[in-house]
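Accompanying notes for the structure given below.
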Amino acid sequence: MIQIYIPVKKHVKKYLIKKYGQNHTISKKSFLGLLLLDLINKDADTSDIDFNGMEKYSLDLPEMYFNTKGYEISRKKLKFLGVCLERLFFEDFYLFVDVELAKGNNNAWQSVKLFLAMNDINENEIKLESMYRNYQRHCKENIKDKKSNTVVYS
7 MIQIYIPVKK HVKKYLIKKY GQNHTISKKS FLGLLLLDLI NKDADTSDID FNGMEKYSLD
67 LPEMYFNTKG YEISRKKLKF LGVCLERLFF EDFYLFVDVE LAKGNNNAWQ SVKLFLAMND
127 INENEIKLES MYRNYQRHCK ENIKDKKSNT VVYS
């Protein structure tokens with residue numbers, strides 16, 4: 007297997023480890039696999055890659071894809087993939103808080119705190135208050151109204 011390292015923020019790396027494991031093996035069956043297989047090729051130069059202050063999430067590339075698609079990925083595409091993974095983190099975060107609010111058991115603050123705890127993300131990596139404010143901006147509505155507008159299925 008060939009390993010490819012994607013530069014991500016520390017909290018995103020923890021989220022990816024929780025979601026995909028310490029090393030994710032690339033396949034066409036996962037979002038991450040499909041995206042990476044589209045980005046790799048045989049002739050990119052990655053010798054100058056140095057992402058200061060970023061964590062590295064490793065992806066394993068099976069020999070079959072290595073032989074057919076290559077294994078090189080440009081610096082620009084690696085950065086793009088890191089941004090995509092951060093967006094995936096926030097999309098899952100918003101969905102998680104929405105579901106928790108719909109359940110009615112937690113308020114938004116508690117739901118944000120639960121999401122961070124489930125992904126082993128601590129205050130040094132990203133602030134609870136920052137995540138809560140991010141969720142408020144995402145909602146574009148009063149969170150209390152969102153909680154009271156839950157749909158009951160019968």
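Residue 7 is where the sequence shown starts when you use our numbering, and the numbers rise one by one after that. Every residue, glycine too, gets a C-beta built ideally from N, C-alpha and C.
- Taking one beta carbon from each stretch, the region 17-29 and the region 125-137 have 3 or more pairs nearer than 8 Å; the two touch.
- Around the beta carbon of G27, a 10 Å sphere encloses fewer than 16 other beta carbons of the protein chains shown; the residue is thus reported as exposed.
- Under the Cβ criterion (8 Å, minimum of three pairs), the region 28-42 counts as touching the region 78-96.
- The closest CA to that of S33, considering only P13, K24 and E69, is found on E69.
- With respect to the 7 Å criterion, L45 and I79 are classified as neighbours on the basis of their beta carbons.
- The C-alpha of V105 is placed about 33 Å away from the C-alpha of K83.
- When DSSP states are grouped into helix, strand and coil, N29 belongs to the strand group.
- The alpha-carbon separation between W115 and M60 amounts to approximately 28 Å.
- Judged by DSSP in its simplified three-state form, S80 adopts coil rather than helix or strand.
- K24 carries a helical assignment under DSSP once its states are collapsed to helix, strand and coil.
- Minimum Cα-Cα distance from I8 among the listed residues E97, F37 and T31 corresponds to T31.
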